[in-house]
Structure formats: C-alpha cells, structure tokens
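Numbering (the numbering used here), first residue to last: 0 to 301. All C-beta atoms, glycine included, are put in the ideal place defined by N, C-alpha and C. I have placed the structure first, in the form of structure tokens, so that the comments after it can refer back to it.
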C-alpha cells in the first residue's frame, strides 16, 4: 500500500490522468466496486518515469504494458500516491487545485479503501510504503525559514498520518529518504543548487529520527527507512557499473511517442535506459528498477 508523489504514483483507469491511481481532490470519495475494479495502466505516460517505477518493480505488479488488476498480482499493489503531492497545505500550497496531499491520501485510504481492502488481506499482512518530501523540499528551498525546524515539522506531520494507519492495524512501514536532488541536471549546472546537500541531509536526518522514535513508542511496529539517497548517489558516482552513460542531463525528446526506437532523432546519443535522469526532476524507469532490486535485497536481509 503506497503513498507519496510522482516518484511513486501509478496510473489507474479510475485515476486522474497523469496523476493518480484513483480519484483526486474533487473526486475524493469512491465506492468499493470502483476501487476493486480499478486497474493499473502501464504505458509510456502512466508514470513519471516513462515506464514502471520502483513500487511496480518491487511488487512486479503492473510492469507489463497494458492493464492489470492489483488483485491478480502475487504481491498486490494498491497505490494512493498523487503526482505533485506535498505533505500538507499547512506548510506548502498545492501544485493544482485537484492535488491530493499526503495527509489527505492517508485520509482517503482510511475513509474509502481500508474496509474494502481488509476483505482481501489483513492490515498486518501488508507493507505501508511512503516516499514523500521531494516536492516539499523543492517547493520550499528558497523559503526564509529555519530549515532544520521546518523539516522537523514536516516529518512530524507525516508521522501523525502514519499513526492513523497504525491505529487501523498496520504494523509494517517502509520509508524512502530523499534522493540526491542537489544533483539534478539543473542543480549540477548551478553554482548554488536548490535544494542543496545540507537541506537534503537535514530532511533525511529528521525522517530517520522520527522513524526510530515511532518504533520505540510502538513496541509492535516495524518502521524501516531505506537509504535511497546513498544507493542513488552510488549510481551517480559509478554509472558504468549499472549500464548508465549519462548522469548530467536528460534526453530532450523523453516524452515523444517514438523515443525508444528513434532517440537519435531528438539529439540523444543513447537510449533512455542509459540515462540516469528521465527529465529535469525524475529518474528513468531503469534507475527505478535498479533501486527496487537493491531495496528488495535490503528488505530480505533486514
């Protein structure tokens, strides 16, 4: 069961096009039959990566082109992430009036998805996966605030929602920390990147602190933070090990329908899967696949 932003959202036939698996701020409620009949769409535009993202690779649910019912997957993927989402409008404005923030994603799940999904599996049998903060740290990077305290408050708000999920019976939680956003193509070309490495570290430190605190307070919970930042930095530092050629920019024709076969027509010397960056702020599906493989190994060993 996933929550987050464009790094995590998957397209659903009952979702907002290019933004969600199901619903939006104006279509917040849904019936049980709408949820359970929903299907994951997999095509070039059904994620923000040009192909399957990390949760699809991790679960192997929805990775093949076409439509797939989460119920038909061995590891079911129920994804309530919304592209462009921040944590809460208490801190940062919505990207669009139809955007569903993280705190409202979990509320939507509580009100409309929890009971239907509880008929399929017990909450204790599921893993809650949350990757959030990418838009928050980008959108707020030039605020005049004490950033360490600001991020602390953001993470507190995340864990208020996590506590609500705990109260529903969920006991296994996975948190992904922020990627090296100071190394996006735009930031690599800038003498003063926004966000910078220090800001990202402050946010990630706050996430770890609160995950540990949550686990200490709830003796029967497993709250794990996967260090996506370190793993992705390793790919950026040693791209050849992973079949990556370009880590500094992205293919200008990334969103063209024939980009896979005709990448050279758009001035791109290599196929998209040899780029780290899919566009100015998102990683390619290939990088998501690498990350999911490393996450899978970590989950099995931890």
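Query, Result
"Contact check, residue 173 vs residue 128, beta carbons under 8 angstroms", "yes"
"Assigned exposure category for residue 198 - 16 Cβ within 10 Å defines buried", "buried"
"Whole beta strand (DSSP E) elements within the region 53 to 78, 3-residue minimum", "65 to 67"
"Nearest candidate by alpha-carbon position, reference residue 71, set 82, 196, 39, 20", "39"
"Extent of the continuous alpha helix (DSSP H) run through residue 185", "184 to 187"
"Cβ neighbours of residue 158 in the same chain (closer than 7 angstroms, five flanking residues each side left out)", "209, 213"
"Closest by C-alpha distance to residue 130, when choosing among 203, 90, 106", "203"
"Extent of the continuous alpha helix (DSSP H) run through residue 196", "196 to 216"
"Paired residues, beta bridge with residue 49 - DSSP", "DSSP lists no partner for residue 49."
"For residue 157, the first and last residue of its enclosing beta strand (DSSP E)", "Looking at the DSSP string, residue 157 is not in any beta strand (DSSP E); the run it does join, the alpha helix (DSSP H), is 146 to 166."
"Backbone secondary structure at residue 290 - three-state DSSP", "helix"
"Stretch pair the region 212 to 229 + the region 253 to 262: three plus CB contacts closer than 8 angstroms", "no"
"Straight-line gap, residue 1 to residue 273 (C-alpha atoms, nearest Å)", "27 angstroms"
"Check whether residue 136 and residue 194 have beta carbons under 8 angstroms apart", "yes"
"Three-state secondary structure (DSSP) of residue 255", "coil"
"Integer Cβ distance of residue 98 from residue 83, believed to fall under 8 angstroms", "5 angstroms"
"Beta-carbon proximity check, residue 76 vs residue 12, cutoff 8 angstroms", "no"
"Cα-Cα separation, residue 223 to residue 176", "10 angstroms"
"For residue 121 and residue 302, the rounded distance between their alpha carbons", "Nothing in the structure corresponds to residue 302, since the chain is present only between 0 and 301."
"Contacting residues, own chain, Cβ-Cβ under 7 angstroms from residue 290 (five flanking each side not counted)", "53, 227, 230, 231"
"Cβ shell of residue 113 (< 7 angstroms), same chain only, five flanking positions each side left out", "167"
"Beta carbon of residue 9 nearer than 8 angstroms to that of residue 46", "yes"
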